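Its first residue numbered 1, the sequence shown is counted upward by one per residue in the UniProt record's numbering.
All C-beta atoms in this analysis are idealised placements derived from N, C-alpha and C, irrespective of residue type, glycine included.
What you are looking at is a predicted structure, and each value in this text was computed from that prediction instead of being measured.
Data first, discussion second: the structure below is written as structure tokens.
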Amino acid sequence: MIGIISDIHGNHAALSAVLAELDRLGVDEIICLGDTAGYYSEINACCDALRARGIFSLMGNHDAYIARREPCPRSNSANACLDYQHKVISAANRAWLESLPERASLHGLELIHGGWNDPLDEYLEPSDAYFAERPGRFFASGHSHVQYLWHGNGKTWCNPGSVGQPRDGDPRAAFATWDGQAFTLHRIAYDIQAAQRAMAQAGFTDYFYDNLAKGTQIGGRISAIRSDQAPPAPAGNRP
């Protein structure tokens, strides 16, 4: 069994909880679909954790912003967080982000961060037409921060959701597992206050982190309703 994670975004408390749960589930390997960087303050701890475990990782758009020293084209909030990460990231972790591939084929899975039209920054909307001409049967990508499973014409696509900044109204960290034939979506509660304290200690106001307790984007917007196959949100956190 393989664990699939994405969109950690510097949230080490969430990552630690997910890795512990994947260990408990007994996965043989973990794959990260990108965006270890961005948003939250513990970028080095997150990169260190993935590197120490030899977790295969793809490049996401926020990883590229750090690696290529480019701003996010659409979010002042994201850029404020990236500015902080530029200042604190270690040389070794920057080099690691620079080395990440944009796509991969592993274990019968076609893997990417965004989508197959734009590997870094496509918000994929699955359809029969989208996947019809794409080789492969099983696909996984992240980027939207919303868990989703889609099936059509003998193909399956999984978005594991976001470890570090869920945007579907459920604040629990999200991830998926793959058993060689099917994906399973998972959620796990984590110490949100620890992530918030780390941001406060880094000098950020609560505007940048109060969303973590709500399962939203910074600013409070819910991106989309989850797939029917996603684990239900706890009472009081439904979109």
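Does the separation of the CB atoms of residue i and residue j fall below 8 Å?
i, j, result
"His208", "Ile218", "First, the residue type needs correcting, since residue 208 is Phe and not His in the sequence shown. Cβ distance < 8 Å, so Phe208 and Ile218 count as in contact."
"Arg137", "Pro119", "no"
"Ile2", "Val27", "yes"
"Ile43", "Ala49", "no"
"Pro160", "Leu22", "no"
"Ser141", "Gly115", "yes"
"Ile112", "Leu185", "no"
"Ala13", "Ala195", "yes"
"Ser90", "Ala198", "no"
If residue i and residue j are in contact, beta carbons under 8 Å, what's the gap, nearest whole angstrom?
i, j, result
"Ala176", "Cys158", "5 Å"
"Asn11", "Gly164", "3 Å"
"Asn79", "Pro71", "5 Å"
"Pro171", "Ala213", "6 Å"
Put residue i into one of helix, strand or coil per three-state DSSP.
i, result
"His186", "strand"
"His62", "helix"
"Ser105", "strand"
"Ser141", "coil"
"Glu125", "coil"
"His113", "coil"
"Pro239", "Confidence in Pro239 is poor, its pLDDT being 32 and thus under 50, which makes the residue's placement unreliable; the coordinate value appears in the next sentence. Looking at Pro239 - three-state DSSP - the assignment turns out to be coil, as it is neither helix nor strand."
"His151", "strand"
Cβ of residue i within 7 Å of any heavy atom in the ligand MG?
i, result
"Leu109", "Here there are no bound small molecules, and the ligand MG is not part of this structure."
>> Check whether the region 145-157 and the region 69-89 touch, using three or more Cβ-Cβ pairs below 8 Å as the test.
In response: In short, these stretches do not touch, since the Cβ pair count stays below three.
> Considering only residues of the region 155-210, which uninterrupted beta strand (DSSP E) runs meet the minimum length of 3 residues and lie entirely inside it, listed in chain order?
Replying inline: Unbroken beta strand (DSSP E) runs of no fewer than 3 residues, entirely contained in the region 155-210, are found at 155-159, 173-178, 183-188, following chain order.
> Along the chain, which unbroken stretches of the beta strand (DSSP E) at least 3 residues long are found entirely within the region 14-56?
Replying inline: Counting whole runs of 3 or more residues, the region 14-56 contains the beta strand (DSSP E) stretches 29-32.
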